[in-house]
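Here the structure is laid out as structure tokens; the discussion comes afterwards.
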Amino acid sequence: MNSNKKTISLVLGSGGARGLAHIGVIKWLKENNFEIKSISGCSIGSLIGGIYAAGKLDQLEKWMCSITSKDIISLLDISWDGSGLFKGDKIINTLVEFIGDIQIEYLPIHFTAVAVDVDAEKEVWINSGSLFDAIRASISLPLFFTPFNYNGVYLIDGGVLNPVPIAPTFSDPTDLTIAVNLGGAFSKPENKKIISPSQEKVELSFQNSINEFIQNLKVKSKTPIKQNWGMYEVAEKAFDAMQGTIARQKLAAYPPDIEIEIARNACGTLEFNRASEMIDLGYQKAKEYALNRTN
Numbered sequence: 127m128n129s130n131k132k133t134i135s136l137v138l139g140s141g142g143a144r145g146l147a148h149i150g151v152i153k154w155l156k157e158n159n160f161e162i163k164s165i166s167g168c169s170i171g172s173l174i175g176g177i178y179a180a181g182k183l184d185q186l187e188k189w190m191c192s193i194t195s196k197d198i199i200s201l202l203d204i205s206w207d208g209s210g211l212f213k214g215d216k217i218i219n220t221l222v223e224f225i226g227d228i229q230i231e232y233l234p235i236h237f238t239a240v241a242v243d244v245d246a247e248k249e250v251w252i253n254s255g256s257l258f259d260a261i262r263a264s265i266s267l268p269l270f271f272t273p274f275n276y277n278g279v280y281l282i283d284g285g286v287l288n289p290v291p292i293a294p295t296f297s298d299p300t301d302l303t304i305a306v307n308l309g310g311a312f313s314k315p316e317n318k319k320i321i322s323p324s325q326e327k328v329e330l331s332f333q334n335s336i337n338e339f340i341q342n343l344k345v346k347s348k349t350p351i352k353q354n355w356g357m358y359e360v361a362e363k364a365f366d367a368m369q370g371t372i373a374r375q376k377l378a379a380y381p382p383d384i385e386i387e388i389a390r391n392a393c394g395t396l397e398f399n400r401a402s403e404m405i406d407l408g409y410q411k412a413k414e415y416a417l418n419r420t421n
């Protein structure tokens, strides 16, 4: 039965909380006779892909679906050095405690995390060493997280240069390359999920929690945190637009066998409290794209 499985190289793109859709995509692939032999990911794609390669995705899914907006806020460790709003250490340390750190070369699935050397202006492919060092480097979203010092080189989010990193899979001896692009075209209003009053209340609560957190930091600090947060929101929209353009160019030049698109307005970058919704969306999109294009 295993001999009939299609082997795939899975490419997981960047896009913040939209990347929780990666979990749904992986779940559908596992249930439908696909064997993931290789993963290339950047930003949230490296986090989801790396944890799946470590065999811990079920634990991550349960945790992500149980955390609240207050939990998310508690994981944000403010940085005072001006290179980013948050250090990111608290998130990574929590994941290490929860899952355990692993060396990439010992993973049963070939894994590459893509980051960017901010000084040399080039991609860095990390496929050895500490899994969570690789993930921390790859998720270093400019302005939000501080750059990560990786062996003396400062690395930032891989999505800056390659939001859907297909190139690391070029030499893979697999049947198919499947890429998940989180920078898809905006979904039309009629196709958007109707938000119930209770869910709208939850989303408003999340935004209020963020604003309260920033306001408290402003009171405690002499630095203009609230102003910096407003700057981040503007930068986030610009970053999304940039990544969408780069992704289209990369995918046109090196098209995968299957591209699964998640609309870039499916949820906000920080809306990790919508985990269940995004996982379901990824599952449905994988079913829609993969079934239609492999039959």
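Throughout, my numbering is defined as the position within the sequence shown, counted from one, plus 126.
Backbone N, C-alpha and C define an ideal beta-carbon position, used for all residues, glycine too.
If the five residues before and after I152 are omitted, its C-beta is found closer than 6 Å to the C-beta atoms of Y178, all from its own chain and listed in chain order. With fewer than 16 neighbouring CB atoms inside 10 Å of its own CB, Q229 falls in the exposed class.
Using a C-beta cut-off of 8 Å, the segment 208-223 makes contact with the segment 255-274, since at least three inter-stretch Cβ pairs fall below that distance.
G285 sits in a helix when the DSSP states are folded into three classes.
Assignment of beta-bridge partners to G226 by DSSP yields no partner. Counting of Cβ neighbours within 10 angstroms places P299 among the exposed residues, the total staying below 16. Sequence-distant Cβ neighbours of K188 in its own chain, meaning closer than 8 Å and more than five residues away, do not exist here.
Distance from the CA atom of S266 to the CA atom of G171, rounded to whole angstroms, is 12 Å. Residue burial is scored here from C-beta neighbours: E414 has fewer than 16 other C-beta atoms within 10 angstroms and is therefore classed as exposed. Looking from the CA of D203, the closest CA among S192, K216 and T133 belongs to K216. If the five residues before and after A401 are omitted, its C-beta is found closer than 6 Å to the C-beta atoms of L146, M190 and C191, all from its own chain and listed in chain order.
G226 counts as exposed, since fewer than 16 other C-beta atoms from the protein chains shown sit within 10 angstroms of its C-beta. Contact between L308 and S140 holds: CB atoms are separated by about 6 Å, below the 8 Å threshold.
In this structure T295 is buried. Its beta-carbon is surrounded by 16 or more other beta-carbon atoms within 10 angstroms. Where E161 is concerned, the enclosing beta strand (DSSP E) starts and stops at F160 to C168.
Take S205, set aside five residues on each side of it, and the residues of its chain with a beta-carbon closer than 6 Å to its own are F212, K213 and T272, in chain order. For I149, the uninterrupted alpha helix (DSSP H) run begins and ends at A147 to E157, by DSSP. Within the same chain, and ignoring the five residues on either side of R262 in sequence, the residues whose Cβ sits closer than 7 Å to its Cβ are G214, I218 and F274. Taking the C-beta atoms as reference points, A293 is found no nearer than 7 Å to S264. DSSP, reduced to helix, strand and coil, places N275 within a strand of the structure shown.
In the displayed model, G394 falls within coil according to three-state DSSP, outside both helix and strand. For A311, the secondary structure class from DSSP, reduced to helix, strand or coil, is coil.
In the DSSP annotation of this structure, the continuous segment of the beta strand (DSSP E) that includes E387 starts and ends at I384 to A389.
A180 is not bridged by DSSP to any residue. Our two residues, V250 and S195, have alpha carbons roughly 33 Å apart in a direct line.
Bounds of any beta strand (DSSP E) do not take in K213, whose DSSP letter is neither H nor E.
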